[in-house]
Structure formats: C-alpha cells, structure tokens
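S.K.: Once you know that position 4 of the sequence shown is 4 in UniProt numbering, the rest is easy, because the numbers rise by one and skip nothing.
Glycine residues also receive a C-beta, built at the ideal position from the N, C-alpha and C atoms.
Keep in mind the model is a prediction, meaning the values are calculated, not measured.
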Amino acid sequence: MTGHYYLYSSETKRKYPDLRKYKDVWIRVSILGARVYVMSGKKVIYTMYASPGAIKKNGESRTPVGNYRIQEEAGEVFYNNDGVGARYCVSYDQHGVYLFHSVPINNFNSGVKAGKYHYGYKGGAHLTTLGKKPDSHGCVRLSVNDAKWIYEQRLNGGLPVGSKVVLKMH
1 MTGHYYLYSS
11 ETKRKYPDLR
21 KYKDVWIRVS
31 ILGARVYVMS
41 GKKVIYTMYA
51 SPGAIKKNGE
61 SRTPVGNYRI
71 QEEAGEVFYN
81 NDGVGARYCV
91 SYDQHGVYLF
101 HSVPINNFNS
111 GVKAGKYHYG
121 YKGGAHLTTL
131 GKKPDSHGCV
141 RLSVNDAKWI
151 YEQRLNGGLP
161 VGSKVVLKMH
C-alpha cells in the first residue's frame, strides 16, 4: 500500500463484483483487522481495506460493535459544520450517524488534492491508515473507489436496505 492507494480499489487485480448476482449478501467488519468483507452466505466475495473507529483508552472502538442493517440514508457527499466530510456514504446505524464512506475530504483546501476534492486534512492526515489501523470517529472509512462501489450497490439493489452488517473487534 503505497502512493495514493486510498483513491483506488482494494483488490486491484480484479473487477468489483455485481452483488445483484449473489444471494444472502451481507457485510462483516473487522475493527482491529481494519478490513471489510462483503459476504455471500459464508463466502467472502470481496475484501476492502478499512479504517473503522479509533480505539478509546478503555479498549473499546468508537465504531459500535454488533449486528446492524443497511439503512435508507445514502449520499454522494457530505460535510460537517467544521468543513470535513466524505464521499459515497451508506448508513448502517442511527440513520446517518454511522456510515460506510470514503476517506475524509475537506472544503478548506488542505490535504491532498485529487480532482475537485481535497482528501484528508491537517496535511493529509487519516489517508494512510486504511487497512492498517482503526482511526475514525466511528464510521467505517474506505478507499474512494471502494466507497463508491458500496454506494452504487446500495442504489442498484445489490446491497439493499435491510442487508445485514456485522461489526466485530476481530
């Protein structure tokens, strides 16, 4: 994982699968493993580098552990009141509070510029943790292309509302 890997797909040697062609599609997140597994039954269909919620002093993750469902809320881009946001968001808990989304973007021209967006902030922070460690405020960060694929699968019915999402520490 070198260069601007946070922009591209995690599995570079193959195309993204069309989840509409699979049965019993669900998502498993390993917080400490910093991976997201897209599953069909017990079979892994696709593996993505991730950066779930940072580990707090008490050993818990900022990302809630447990069983959830893909929710209605999804969008191409969002920003919070501080000017930091993300692209390609899909909610799995509390209707827009906990999301799968891209690495952070910002609207104050900080970080690494790619296309019309600035990625990361504070000099590009939070871009190189995908697949390495939990580092978010609670959402599950993905590469830009991986987040776009999950978002598109949510919209086209490959990952419908109600699909199971399981988040575990390991």
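1) For Met-48, which residues from the same chain have a beta carbon less than 6 angstroms from its beta carbon, with the 5 sequence-adjacent residues on both sides left out?
2) Keeping to the same chain, check which residues put their C-beta closer than 7 angstroms to that of Asp-93; ignore five residues upstream and five downstream.
3) Exposed or buried, Gly-53, counting other C-beta atoms within 10 Å across all chains shown (16 or more means buried)?
4) Which residue or residues does DSSP assign as beta-bridge partners of Ser-136?
5) Over what stretch of residues does the alpha helix (DSSP H) that includes Val-144 continue unbroken?
6) Tell whether a beta-carbon distance below 9 angstroms holds between Arg-62 and Lys-168.
7) Please report the straight-line C-alpha distance between Asn-109 and His-101, rounded to a whole angstrom.
8) Buried or exposed: Leu-159, going by 16 or more other Cβ atoms within 10 Å of its Cβ?
9) Find the nearest neighbour of Asp-24 within the set Gly-83, Lys-43 and Ser-91, judged by alpha-carbon distance.
10) Would you list the one or two residues that DSSP bridges to Tyr-114?
11) With DSSP run on the structure shown, which of helix, strand or coil describes Tyr-22?
12) What are the boundary residues of the beta strand (DSSP E) that Asn-67 is part of?
13) In terms of DSSP beta bridges, what is Asn-106 paired with?
14) Under three-state DSSP, which class holds Tyr-8?
15) Determine the contact status of Ala-34 and Thr-129, defining contact as a CB-CB distance below 9 angstroms.
16) For a quick check, are the C-beta atoms of His-137 and Val-103 less than 9 angstroms apart?
17) Considering just the uninterrupted stretch of the beta strand (DSSP E) at Lys-168, what are its terminal residues?
18) I'd like to know whether the C-beta of Tyr-117 is nearer than 9 angstroms to at least one C-beta of chain D.
M.R.: For this structure:
1) Ser-10, Val-36, Leu-142 and Asp-146
2) Pro-64 and Tyr-68
3) buried
4) Gly-53
5) 144–156
6) no
7) 20 angstroms
8) buried
9) Lys-43
10) For the sequence presented, residue 114 should be read as Ala rather than Tyr. Paired residue(s): Tyr-117.
11) coil
12) 66–69
13) Val-84 and His-118
14) coil
15) yes
16) no
17) 164–168
18) Within the model displayed, chain D is absent; a lone protein chain is all it includes.
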